[in-house]
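Engineer: Okay, here's the structure, questions in a sec.
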């Protein structure tokens, strides 16, 4: 594998359940706050290169990637490997990788050794760890981690009303100050990150009055956008005591912007409402 042409791509991997604990009403699943996200440099071989070497047939519609991890489910009998599929257009994107290095080091077992699929711009459930098998098929894959899990269910009663979790929503997180911080009067740096699955971040705004007015934050650009997140900052001068709520919202070049309320769905995927922290001065 290492003798083949390689690429190194900066990728944001965000769990589809990141910030799930902020949904109202509450949803099922691990109650993540802001921590189920990371960014790093992944090195590997473009999946498209391997598919061309395998002489991919024109009739292929999807590429199934299966990991070594498997287990039982409560909703159906049998043992199921973790397997996901990609449409051909996404599988053939040059930045979709079969990776063997992370941040300049060989993959650890925790990160998916020996090979991990890396799918930029999609939620991280698509980036299958511990890759065991890759198969091109001419029909839609219906494995349970594709057709049951990682689907948006907006109707709490109707299982048939659903659509798949794929592209990252535009999003942001306030990293400083921390929620429930106690601050002194004066100047404070409000800092955070913003990311998107389409294009790049075009704007980050903050509100200090529950969303009535907004001010623009300064975005720190990098040389390896757009797959990466951006850092942003704003200098806040506060000379009165009280409790304050800081809101952040980002927009991307496709006009997508964070709403004040997230799109509710039963399994709690894709939370993307304006981030908020409360502080006392």
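Residue numbers (our numbering): -6 to 274.
Don't be surprised by glycine CBs; every beta carbon is placed ideally from N, CA and C.
Would you mind reading off the limits of the alpha helix (DSSP H) that contains residue 42?
Structural biologist: From DSSP, the alpha helix (DSSP H) with residue 42 extends over 40 to 46.
Engineer: When the distance is taken between beta carbons, is residue 240 closer than 7 Å to residue 196?
Structural biologist: Result no, Cβ atoms of residue 196 and residue 240 do not sit closer than 7 Å.
Engineer: Go through its chain and collect everything with a Cβ distance to residue 91's Cβ below 7 Å, but skip five positions before and after it.
Structural biologist: The residues are 37, 38, 40, 43, 108, 110, 124.
Engineer: Got a sec? Which residues, its chain only, sit under 8 Å from residue 68 by beta carbon, not counting five neighbours each side?
Structural biologist: Answer for residue 68: 137, 141, listed in chain order.
Engineer: Could you name the residues that DSSP lists as bridge partners for residue 245?
Structural biologist: In DSSP, residue 245 forms a bridge with 194.
Engineer: Based on Cα-Cα distance, which residue from 175, 70, 210 lies nearest to residue 272?
Structural biologist: That would be 175, whose Cα lies nearest to the Cα of residue 272.
Engineer: Run the CB neighbour count on residue 132, radius 10 Å, all protein chains shown included, and call it buried at 16 or more, exposed below.
Structural biologist: Counting Cβ neighbours within 10 Å, residue 132 comes out exposed, since fewer than 16 surround it.
Engineer: Do residue 263 and residue 149 count as a contact pair if the criterion is CB distance below 7 Å?
Structural biologist: No, Cβ-Cβ distance for residue 149 and residue 263 is not below 7 Å.
Engineer: Among residues of its own chain, excluding the 5 on either side of residue 119, which ones have a beta-carbon nearer than 8 Å to its beta-carbon?
Structural biologist: 77, 79, 110, 112, 159.
Engineer: Counting Cβ pairs closer than 8 Å, one from the stretch 24 to 38 and one from the stretch -4 to 3, do we hit at least three?
Structural biologist: With the cut-off at 8 Å, the stretch 24 to 38 and the stretch -4 to 3 touch.
Engineer: Return the CA-CA distance between residue 84 and residue 154, expressed in angstroms with no decimal places.
Structural biologist: Residue 84 and residue 154: Cα-Cα distance of roughly 27 Å.
Engineer: Tell me the rounded alpha-carbon separation between residue 258 and residue 173.
Structural biologist: For residue 258 and residue 173, the distance between alpha carbons rounds to 28 Å.
Engineer: Decide if the stretch 187 to 194 is in contact with the stretch 226 to 245; the criterion is three or more beta carbon pairs, one per stretch, under 8 Å apart.
Structural biologist: In short, these stretches touch, since the Cβ pair count reaches three.
Engineer: Is the distance from the Cβ of residue 182 to the Cβ of residue 7 below 7 Å?
Structural biologist: In this structure, residue 7 does not lie closer than 7 Å to residue 182 by Cβ.
Engineer: Would a C-beta distance cut-off of 7 Å place residue 227 and residue 210 closer than the cut-off?
Structural biologist: Yes.
Engineer: What's the gap between the Cα of residue 251 and the Cα of residue 164?
Structural biologist: Going from the Cα of residue 251 to the Cα of residue 164 covers about 6 Å.
Engineer: Helix, strand or coil for residue 14? Go by DSSP, reduced to three states.
Structural biologist: If DSSP states are grouped into helix, strand and coil, residue 14 belongs with the helices.
Engineer: Buried or exposed: where does residue 169 fall if 16 or more other Cβ atoms within 10 Å of its Cβ makes it buried?
Structural biologist: By the 10 Å Cβ count, residue 169 comes out exposed.
Engineer: With a Cβ-Cβ cutoff of 7 Å, do residue 59 and residue 126 count as a contact?
Structural biologist: Yes, the pair counts as a contact, with Cβ atoms nearer than the cut-off.
Engineer: By the DSSP assignment, the alpha helix (DSSP H) with residue 231 in it spans what residues?
Structural biologist: No alpha helix (DSSP H) holds residue 231; the beta strand (DSSP E) holding it covers 223 to 231.
Engineer: When the Cα of residue 225 is compared with those of 208, 260, 11, which residue comes out closest?
Structural biologist: With distances taken between Cα atoms, residue 225 lies closest to 208.
Engineer: Please state whether DSSP places residue 206 in a helix, a strand or coil.
Structural biologist: In the structure shown, residue 206 sits in coil (DSSP, three-state: anything other than H, G, I, E or B).
Engineer: Which of the three DSSP states is assigned to residue 137 in this structure?
Structural biologist: DSSP places residue 137 in helix when its eight states are reduced to three.
Engineer: Report buried or exposed for residue 198, applying the criterion of at least 16 other Cβ atoms within 10 angstroms of its Cβ.
Structural biologist: So residue 198 ends up on the buried side.
Engineer: Quick check: what's the CA-CA separation for residue -6 versus residue 130?
Structural biologist: Roughly 23 Å between the two C-alpha positions.
Engineer: Assign residue 159 to one of three DSSP states: helix, strand, or coil.
Structural biologist: Reduced to three states, the DSSP call for residue 159 is coil.
Engineer: Along the chain, where does the beta strand (DSSP E) that runs through residue 180 open and close?
Structural biologist: Unbroken beta strand (DSSP E) run through residue 180: 179 to 188.
Engineer: Could you pull out every unbroken beta strand (DSSP E) segment of at least 3 residues lying fully inside the stretch 98 to 142, listed in chain order?
Structural biologist: Runs of the beta strand (DSSP E) inside the stretch 98 to 142: 109 to 111, 124 to 130.
Engineer: Considering only the beta carbon of each residue, do residue 72 and residue 134 sit closer than 7 Å?
Structural biologist: No, the pair does not count as a contact, with Cβ atoms beyond the cut-off.
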